[in-house]
Amino acid sequence: MVFIYHLQEHPRYIPATQVILDAWEAGSHQGVTSILTLAEVLVRPLRDGNEKAVEDYRRLLTTFPNLRLIEVGRGVVELAARLRATHGLPMPDMIQAATALTAGATGFISNDAGFKRVKDLDILLLDEVAPARR
Numbered sequence: 015m016v017f018i019y020h021l022q023e024h025p026r027y028i029p030a031t032q033v034i035l036d037a038w039e040a041g042s043h044q045g046v047t048s049i050l051t052l053a054e055v056l057v058r059p060l061r062d063g064n065e066k067a068v069e070d071y072r073r074l075l076t077t078f079p080n081l082r083l084i085e086v087g088r089g090v091v092e093l094a095a096r097l098r099a100t101h102g103l104p105m106p107d108m109i110q111a112a113t114a115l116t117a118g119a120t121g122f123i124s125n126d127a128g129f130k131r132v133k134d135l136d137i138l139l140l141d142e143v144a145p146a147r148r
């Protein structure tokens, strides 16, 4: 969600996503995400036929400082299946959570409260830190 909200310039979430990206860029925190994030952020520019944005988004995710883009391997897939069986959340979400856990992440940023069911991760919801709607 961090990248989708940021790249789509969502007015409510830009302040929060900017703080997160700045922290990663400065090296005060490390980011980890599944390669699925690349697929998620490319949908809109591909739908719009915006090849420049496709390349810009690809470059951003693959070169962003202190962000590890993790391939989905067998270990992640099997853990995702366990998480889905336990928590009943959609498989793409569980692949993201399994990627974070496999990479040793202790926190997870999303805007889906369902992730709070995954007790092995501290979940930060962007709605909890974004300015209130007016």
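Going by our numbering, the letters in the sequence shown line up with residues 15 to 148, in that order. For each residue, glycine too, the CB sits at the ideal point set by N, CA and C.
Residue 51 has its alpha-carbon roughly 16 Å from the corresponding atom of residue 61.
Here the alpha carbons of residue 83 and residue 90 stand approximately 13 Å from one another. For a cut-off of 8 Å, the C-beta gap from residue 94 to residue 105 is around 6 Å, short enough to register as a contact. Taking residue 135 as the centre and dropping the five residues before and after it, the same chain places the C-beta of 111, 114, 115, 119, 120, 121, 122 and 129 closer than 8 Å to its C-beta, in chain order. Contact between residue 103 and residue 124 does not hold, since their C-beta atoms are separated by about 11 Å, which reaches or exceeds 8 Å. If you ignore the 5 residues before and after residue 24, its C-beta comes within less than 6 Å of no other C-beta in its own chain.
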